[in-house]
Amino acid sequence: MPGVYFTTTEFLDDAKSAAKDRGMPGIRTLALPADKYYVARGSKEVLQPIADQFFAKMVDDLTRPLTAEEAKPSQAQLLHESANIKVTGKDFMDASVKVNEMFLESRWADGLPIVPPTPELVEAMEAGTTLLPQKVIGQVAPKSGTATVEKIAINSVMAGAKPEYFPVILAAMEGLTDKHYDLTHVMASTGSFTPVVIVDGPIAKELNFNSGIGMLGIGWQANSTVGRAIQLSLLNLGQTWPQVNFMGLTGRLEGYTFYTFSEDTAKSPWEPYNVSQGFQAGGSTVTVSSAGNPQVFGGGAVAPWTAQGVIDQMVATIKTRGVAWPHAQKHIVVLHPDCAVELANKGYTRKSLQEYLYEQTRVPYEKVSGGGAAFGEGSEEALIRASIADGRIRPDRAQIFLDNLKPGGRVPVVQSPDDFHIVVAGGSPGYDLLFTYPGTNWAHQTVKITGATLTTAGK
Amino acid sequence: MKRNSNWLLGIALLAAGLCTAAAASAQVTLEVMNPRGEIPPPKTLGISPRGGALDGKKIVLIDNGKYGASNFLDVLADMIKQKYPAATVVMYPKPAAQTITDLPKWYPTVKQQGDLFVFGVGD
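Sequence lines, in order, name chains Z and X. Quick note: the first sequence uses the working numbering, first residue 1, plus one each step. Quick note: the second sequence uses the working numbering, first residue 460, plus one each step.
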């Protein structure tokens, strides 16, 4: 069916890249001037001059005969970028600087210095796992690049990770490339969503992950380089680049290392998070989860707070966000240990706290509807009913929504209490964090860490 | 931690060896591995042939759901009706909350709506 695709000048490269990725590089695309379109789009009158400018081009694109290349484009070839590269300098430092320059120019690095991934260092990294170098861990969106153990090892060396971290990185990549995980959204969206990476179980302590004061900051090699290894693996295997096909408008606030930390199982009053997810007690896991930037609650070292007050503030915040996409929405609630202990002393278990959050965040039906319209996609109620109809809201949860989509009803913001993921981490004193994901598909996965050769845990 | 010590020793030996080589030859060559992976190529398709003037055609305007797209397409619809009165405009918005994983089920329905399509506004 002949057609024309309108985008804007800021997204033209992204559109061309996506068209090529999907096997139709010749699709006729018109780019409206971004600096004019976005400020004009709320008004037909203001849009009229832009439409006037592009109407004839649109008609031409709909009617002009195809060129030979448009009709029968040359077939894309397998991109095979496995050959080693040799870089010569006047000394080691000079050669290392040249490697860094070449990698950044090639869009293989993130702007910070990288460790040159020599075969010797990559081999040492691979020795951290029992998996063979050519084993495929998954395909990385948006270009569906093949993530082998060897390729992830190369990126892990670049990130400055130690070989004993490697099984954690591999497990995280397994989660992110799982068929149920919508990786495309976090890799490309204008929303600048960021993976949260939570390491759980005894391997966290063995590798010296920080779960206390400064857990999202600098100074802990495990937190910093595991997150960066995942970031570089996604960059290079999914082949994204800002302003080309990663269109996060602000960029990720934790763009280099993602939100990488471990749970403080020693100070938690509850079972480890991974046990709540059905994993065996004493096992090590990594959880990967797409999220927006966290909101901070509590008083820290400077203001009074109560645990119930923190939870109630979170409830109020969540309720303001509406219920447009409950089929995929989830919240990661990171409680600092003092807050978690106070809640436990009040009688909360992790499960009862999840149920409390689920019940308290339900939105009165009378307040449902307008939120989705802000995105131009119809009412919230229509979105929920569509999600029920196509099965994205599970059949065992659908009736709850249907029963409450009427006057007097209270509509859940998530499918079930399990969509509140409660993790204990932070300092004493500390703050509490709420990571929310408002995406349209599932993007949360916990994976068991296995195959470790250099640690006692994660075997 | 014995393996870790070995790894650090490896880096030190590598650097030391390279520095030694530098002293001897005044140049150092670093061999590094490519961090990118293979990308299985999709089957590349041509775009659909065009069939001449718009008169008599059914033109499907697809609102992708982004804020302002419906306004822009409404303007185009009015212009089409004015300049090509023999053409028909069909407004056919993309279903709400759809994402790329769902679209393959939806694309075939577009073809049932008309002869040509205009999709916008992508970001």
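Every residue gets a Cβ at the ideal spot worked out from N, C-alpha and C, and that includes glycine.
Under DSSP, no beta-bridge partner is assigned to residue 495 of chain X.
Counting only the Cα atoms, residue 403 of chain Z lies some 7 angstroms from residue 409 of chain Z.
The alpha-carbon of residue 434 of chain Z is positioned some 32 angstroms away from that of residue 451 of chain Z. In this structure residue 52 of chain Z is exposed. Its beta-carbon is surrounded by fewer than 16 other beta-carbon atoms within 10 angstroms. Look at residue 562 of chain X: its C-beta is not under 8 angstroms from any C-beta on chain Z.
Contact annotation for residue 538 of chain X against chain Z: 51 and 55 [CB-CB distance below 7 angstroms, chain order]. In the structure shown, residue 21 of chain Z adopts helical secondary structure according to DSSP, grouped into three states. Under the three-state reduction of DSSP output, residue 362 of chain Z falls in the coil class, being neither helix nor strand.
Taking 8 angstroms as the threshold, the shortest C-beta distance from residue 64 of chain Z to chain X falls below it. Spanning the alpha carbons of residue 151 of chain Z and residue 495 of chain X requires a straight line of approximately 7 angstroms. Interface criterion not met: the Cβ of residue 545 of chain X is under 8 angstroms from no Cβ in chain Z. The C-beta distance from residue 444 of chain Z to residue 351 of chain Z rounds to 18 angstroms, too long to meet the 8 angstroms contact threshold. Listed along chain Z are 1 and 3, each with a C-beta nearer than 9 angstroms to that of residue 569 of chain X. Considering only Z:274, Z:46 and Z:458, the residue with the shortest C-alpha distance to residue 424 of chain Z is Z:274. Residue 330 of chain Z sits in a strand when the DSSP states are folded into three classes. Residue contact with chain X for residue 154 of chain Z: present (Cβ-Cβ distance below 8 angstroms to some residue of chain X). Positions of the alpha helix (DSSP H) runs, each at least 4 residues long and wholly inside the segment 383 to 441 of chain Z, are given as 395 to 404 in order along the chain. Neighbourhood of residue 502 of chain X in chain Z, by CB distance below 9 angstroms: 23, 75 and 76, in chain order.
Per DSSP, residue 109 of chain Z lies in no beta strand (DSSP E) segment and is marked neither H nor E.
Nearest C-alpha to residue 268 of chain Z among Z:338, Z:323, Z:189 and Z:216: Z:338.
As far as DSSP is concerned, residue 165 of chain Z takes part in no beta bridge. Sorting Z:50, Z:19, Z:60 and Z:47 by C-alpha distance to the C-alpha of residue 503 of chain X places Z:19 at the top. Under the Cβ distance rule, residue 492 of chain X counts among the residues neighbouring chain Z, one pair being separated by less than 8 angstroms. For residue 215 of chain Z, no beta strand (DSSP E) encloses it, and the DSSP letter there is neither H nor E. Closest option to residue 441 of chain Z, judged by alpha-carbon separation, among Z:71, Z:182 and Z:10: Z:182.
Less than 8 angstroms separates the beta-carbon of residue 170 of chain Z from that of residue 149 of chain Z. Scanning the segment 238 to 278 of chain Z for uninterrupted alpha helix (DSSP H) segments of 4 residues or longer gives 273 to 276, listed from N- to C-terminal end.
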